[in-house]
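A quick write-up on the structure given underneath.
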Amino acid sequence: MAKKNLGVNTICTHVGEIKDTQFKGAISPMYLSTSYAFEDVDVKRYPRYFNTPNQEYLSKKIAALEHSEAALIFGSGMAAISTTLLAFLGAGDHIVLQNDLYGGTRNLIESQFDRYKIGYTFIEGTSVLDFEKAIKPQTKIIYIETPSNPLLKLVDIKAVSKLAKSKKIVTVIDSTFATPIVQNPIDLGIDIVVHSATKYFGGHSDITAGAVAASQSHIDTIWSLAKDTGGSLSDFTVWMLERSMKTLAIRVKAQNKNAKKIAKFLETHAYVSKVYYPGLKSHPDHELAKTQMRSFGAMLSFELKEGIDASAFLKALKLIKPSMSLAGVESTMILPYLASHALLSQEERDAQGISNRLIRFSVGIESAKDLKHDIHRAISQINASTLIDN
738 MAKKNLGVNT ICTHVGEIKD TQFKGAISPM YLSTSYAFED VDVKRYPRYF NTPNQEYLSK
798 KIAALEHSEA ALIFGSGMAA ISTTLLAFLG AGDHIVLQND LYGGTRNLIE SQFDRYKIGY
858 TFIEGTSVLD FEKAIKPQTK IIYIETPSNP LLKLVDIKAV SKLAKSKKIV TVIDSTFATP
918 IVQNPIDLGI DIVVHSATKY FGGHSDITAG AVAASQSHID TIWSLAKDTG GSLSDFTVWM
978 LERSMKTLAI RVKAQNKNAK KIAKFLETHA YVSKVYYPGL KSHPDHELAK TQMRSFGAML
1038 SFELKEGIDA SAFLKALKLI KPSMSLAGVE STMILPYLAS HALLSQEERD AQGISNRLIR
1098 FSVGIESAKD LKHDIHRAIS QINASTLIDN
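Numbering (the numbering used here), first residue to last: 738 to 1127.
In structure tokens, the structure reads:
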């Protein structure tokens, strides 16, 4: 199927589906075989080679959505990130990263890269000048995450891409929070896009997976390591992921619409001190968001005012689930200091501005009115309890 000029819902629904030529079924058949013919075939297929029928065709869907030449599916987001980075970095090389990153990514760098004698620099700001100052002669990768987890900070994708290309440095972006429905970094000059496909790609809190999209030459480099480290995904899960991605655009657009309403509601709430959401005019990167994002995403964070117990607030919620992960159709909240960024030290969290009162909110597809009511009722209940105890 020609992908050029197809609408995003059409790509989600049809690109990368496998035609059932035997029985004419409406959905992709599932190929669970771990053993394929090796003689008189065009492709020698093997699950660890990322080229079983389901693996191959789902990669086509992801590549089409990201406007890339190729893609790979991994067993988790961290498998995708670690394999990508180690495919381009070796002893003596150097990587520049923004300070505001998913905790698992930062822990990978700090706990493993010294063993491989790979140098790294976390920059404090997010401007292109901050990145430029950190570049060394041996720098091979600039790694960004925008919007960032959990404070929703943005990086100027086009500016960083231009800087990197001028110095022949590979750029990698974690675009999990945005999804290709919200932004396409490759169109802005980024070389490699990584996703935790556990999140919006899966969308139903029942899949663990990762994805990488890039040029064919970069994917070949990543594959050369991936086939040896064995981070491939089972075909049953690949099939589930392809099924889930058929509704990706519909889900994300509904979640984005809700998130904007909830962010505005929280910004004016008497017991909320701060809201982090790029769709708000108060967000420092709001103007940048309008230039590189089609909408503002469905993730936000907020801080309760001092004196309100964040943990007690989460326990008082009835509809929104206190839950570790994000991006499912159901709304969830977590305390990053106890979950996504628990592997970081208190000093590292403080440096990133991640307080113990910060709540990350993954907005789902429920009625916005019901979500607002649940939040207000929970805060009121905790506040009333505090007054009674005092």
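All residues carry an ideal CB built from backbone N, CA and C; glycine is no exception.
**Request:** Can you give me the Cβ contacts of N791 inside the same chain, cut-off strictly under 6 Å, excluding the 5 residues immediately before and after it?
**Result:** Y768, D972, V975, W976
**Request:** Work out the CA separation of T935 and G1034 for me, nearest whole Å.
**Result:** 16 Å
**Message:** Suppose you measure from the CA of D965 to the CA of V909; what does that come to, to the nearest Å?
**Reply:** 21 Å
**Request:** Note the first and the last residue of the continuous alpha helix (DSSP H) segment covering G714.
**Result:** Shown here, the chain extends from 738 to 1127; a query on residue 714 therefore has no answer.
**Message:** I need the straight-line Cα distance from G967 to F850, nearest angstrom please.
**Reply:** 20 Å
**Asked** Who are the near neighbours of I918 in its chain, counting only those whose CB is closer than 6 Å to its CB and skipping five residues on each side?
**Response** A986, V989
**Request:** Let me know the beta strand (DSSP E) ranges lying completely inside the region 900-935, each 3 residues or longer, listed in chain order.
**Result:** 907-911, 929-933
**Message:** Using 7 Å as the threshold, is the C-beta distance between V897 and D928 below it?
**Reply:** no
**Bounding residues of the beta strand (DSSP E) (the contiguous stretch that carries K890)** = It is not in any beta strand (DSSP E) - K890 carries neither H nor E in the DSSP assignment.
**Asked** When the Cβ atoms of the region 940-959 are set against those of the region 867-879, are three or more pairs found closer than 8 Å?
**Response** no
**Item:** Rounded separation between R1114 and L1025 - CA only
**Value:** 34 Å
**Prompt:** Just checking my contact of Y1013 with I1116 at CB under 8 Å: how many whole Å lie between their CB atoms?
**Reply:** Contact flag wrong, Cβ pair sits at about 18 Å.
**Asked** Is the region 950-957 touching the region 833-845, taking contact as three or more C-beta pairs under 8 Å?
**Response** no
**Asked** Measuring CB to CB, does A717 end up less than 7 Å from K854?
**Response** The structure shown does not extend to residue 717, since the chain is modelled only from 738 to 1127, so the question has no answer here.
**Message:** Tell me the DSSP secondary structure of F859 in three-state form.
**Reply:** strand
**Request:** Using the Cα positions of I846 and Q1083, report the straight-line distance between them to the nearest angstrom.
**Result:** 17 Å
**Item:** Supposed contact pair I1096 and M1061 - C-beta distance, whole angstroms, cut 8 Å
**Value:** M1061 to I1096, Cβ: 13 Å. No contact.
**Asked** What are the start and end residues of the alpha helix (DSSP H) that includes A828?
**Response** It is not in any alpha helix (DSSP H) - A828 carries neither H nor E in the DSSP assignment.
**Asked** So is L1108 buried or exposed if we call it buried at 16+ other beta carbons inside 10 Å?
**Response** buried
**Asked** Whose C-beta lies closer than 8 Å to the C-beta of E1103 among residues of the same chain, with five residues either side of it excluded?
**Response** N995, L1056, E1067, S1068
**Message:** Once DSSP output is grouped into helix, strand and coil, what is the label at M1070?
**Reply:** strand
**Asked** In chain order, what residues of the same chain have a beta carbon less than 7 Å from the beta carbon of L823, not counting five sequence neighbours either side?
**Response** L962
**Message:** Just to confirm before moving on: does the CB-CB distance between I755 and S770 stay below 7 Å?
**Reply:** no
**Message:** Report the CB separation of D757 from T842 in whole angstroms; it is logged as a contact under 8 Å.
**Reply:** At roughly 39 Å, the Cβ-Cβ gap does not stay under 8 Å, so D757 and T842 are not in contact.
**Item:** Proximity to L1017 [Cα-Cα], best of D779, K761, K1001
**Value:** K1001
**Prompt:** On the three-state DSSP scale, how would you describe M681?
**Reply:** Look at the range of the chain in this structure, 738 to 1127, and you will see that residue 681 is not part of it.
**Request:** Give the straight-line distance between the Cα atoms of T682 and S864, rounded to the nearest whole angstrom.
**Result:** Outside the modelled stretch of the chain, which goes from 738 to 1127, sits residue 682, for which no answer is possible.
**Item:** Close-in-space but distant-in-sequence residues of the same chain around A901 (CB under 6 Å, 5 per side omitted)
**Value:** I879, T908
**Prompt:** Which residue's Cα is closest to the Cα of F825: W960, Q1089, R980, E1085?
**Reply:** W960
**Request:** Indicate whether P884 and F914 have their beta-carbon atoms separated by less than 7 Å.
**Result:** yes
**Asked** Under a three-way DSSP split, which group does P784 fall into?
**Response** helix
**Message:** What would DSSP say about A951, mapped onto helix, strand or coil?
**Reply:** strand
**Prompt:** Is T876 helix, strand or coil when you go by DSSP?
**Reply:** strand
**Prompt:** Name the DSSP beta bridge partners of S1099, please?
**Reply:** M1036, T1069
**Asked** Buried or exposed: which applies to D893, given that a residue is buried once 16 or more other Cβ atoms fall within 10 Å of its Cβ?
**Response** buried
**Message:** Using only the alpha-carbon positions, how far apart do G1090 and L1037 sit?
**Reply:** 15 Å
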